[in-house]
Amino acid sequence: MSGQQTRRRFVGTMCGAIGLLPSSLRAEPGATTHTPPDASRTGDVAAQNDRNRHLTVEVRINGKGPYQFVVDTGADRTVVAEDVAVAAGLVTQGDVDVEGIIKTVPARTVAIDRLSLGSLSRTQLSAAVLPREMLYADGYLGLDALDTYRVTFDFAKATMRVEEPQFDTGIYMPQTKVAHVAMSGSMGHLRSLNCTVNGVSATAFIDSGAEVSMGNHRLLQAMTDRSPGSYAPIAVPLTGVTGGLIEGKMVPIERIELSHLWFGKSQIVIADLQIFDIWGLLERPALLIGMNFLRTFARVSIDYGRKDVRFELAELVAQRPMVTAAT
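Numbering-wise, our numbering puts 107 at position 107 of the sequence shown, and it's gapless, one number per residue.
Now the structure itself:
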C-alpha cells in the first residue's frame, strides 16, 4: 500500500448508548493544502440531523449534488462515500491506509476541484474514499474545507453559517448570554488550556463529529488521584467500523469549566481513542467536547482565523442547570 498513513476513527457502542462517534482523519504531510476561500465570503447552509444526530449540511462536488455531509471539526480531511465519488466522477490520486480504533483498512484518495457550501467554495481538495456502510452518510466535511473560516452552528434555526473571520462588535441581543473562549493551535487544531474537569486542568477541543463528549485515561487518573474512591466507571463497549472491540468507561462529572462557562452534572466516556494521539494529547489530561454539550447552546461559532470560540445561549437555555455562561 502506497502513501503515508492516514487515520480516521468511527466509534460506536454495541448497546447503542453512545451512538456513532466519528473523529479525525490524519492527513498525509503535504498532501492536503488549505486553499484560500473564494471571493464570495459568506453563506448560510441549511443543516439537519442524521439518524445518529450528527449535524449534516448540503455540499456540491464539482457542481454535482447536493450531497449530505456530516460536519466534523475533528477531521483533518474531507471524506467521501464510494458511490458519491463515482457519481461525481472524481479522479483517483493515490492510496492510503485508514486506521480505525482497532484495525487498519486501505483506501484511495480522490481529487476534488471544487467543493461548495451554499455560495462558498474550496478548491483543489484531496479526499479519502470509504464505503458508505462505514460512513452512513454521503461524506464528512473536514478541517481542510473549514479552516480559516468562521463556522457558526445555529442549533435554534438549524443552519450553519460559513464566513471569513470577524472582529467581534460586542453588540448582542439583550435576551442572550455570550461567552468567548480563546483557543490556540494551527491547521484547524484549536484547543483551550483554560479548562478544568472536576478541578483537574485539562486541554479541551471541539469535535462536532462526536455525539458524546469524551476524556482520555490521563484525565480519569488525575481525577481519581484528586478524589480517590469517587469514581465507579461503567463499562461501555466501543466498536470501530473497521472492526474490533474496545471498552470505554462512562464516569459521572460534577463540573466542567471552560473559561467563562461551566457545565453541571453530566457524564463523559473515558477511552484513549486515536484522536487524542492525533492531537498530541495522550500523555496529558484531555477533553473532547462533543455534540451533546454543544447542543445545549443556541449557537456556537468557531473562528479558525481569529482562533476563538463563541458560545451563545438564549435566555431560556441559560436557565438550564447544566450550563451557565458569564455575561
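Virtual Cβ for every residue (Gly too), placed ideally from N, Cα, C.
DSSP state of Ser-23, grouped into three classes? Only weak support exists for where Ser-23 lies, its pLDDT of 35 falling under 50; the coordinates are left without a value.
Compute the Euclidean distance between the alpha carbons of Pro-36 and Val-57, then round it to the nearest angstrom. For Pro-36, the pLDDT reaches just 44, beneath the cut-off of 50, and the residue's location in the model is therefore unreliable, although a value from the coordinates is still provided. One C-alpha to the other measures close to 21 Å.
Whole-Å CB distance - Leu-125 paired with Asp-144, under 8 Å assumed: 6 Å
With distances taken from CA atoms, which of Ala-271, Arg-191, Ser-230, Val-236 is nearest Pro-252? Ser-230
Tell me the rounded alpha-carbon separation between Leu-294 and Val-300. 7 Å
Whole angstroms are fine: how far does the CA of Arg-310 sit from the CA of Ile-112? 31 Å
In angstroms with no decimal places, state the Cα-to-Cα distance between Lys-307 and Ser-184. 6 Å
If I follow the unbroken beta strand (DSSP E) through Val-212, where does it start and stop? Element bounds for Val-212: n/a, residue is neither H nor E.
Is there a Cβ of chain C sitting closer than 8 Å to that of Pro-106, yes or no? Absence of chain C from the displayed structure is noted, only one protein chain being present.
Would you be able to state if there are at least three C-beta pairs under 8 Å between the region 212–219 and the region 280–293? yes
Taking the alpha-carbon of Glu-247 as reference, which of Ala-128, Asp-272, Ser-208, Cys-195 has the nearest alpha-carbon? Asp-272
Using a Cβ-Cβ cut-off of 7 Å (strictly less than) and excluding sequence neighbours within five positions of Pro-66, which residues of its own chain qualify? Glu-58, Val-59, Arg-60
When the distance is taken between beta carbons, is Asp-95 closer than 8 Å to Gly-142? no
Could you name each continuous beta strand (DSSP E) segment of 3 residues or more that falls completely within the region 121–167, going from the start of the chain to the end? 139–141, 150–154, 159–163
Taking a contact to mean a Cβ-Cβ separation below 8 Å, would you say Val-200 touches Ala-232 in this structure? no
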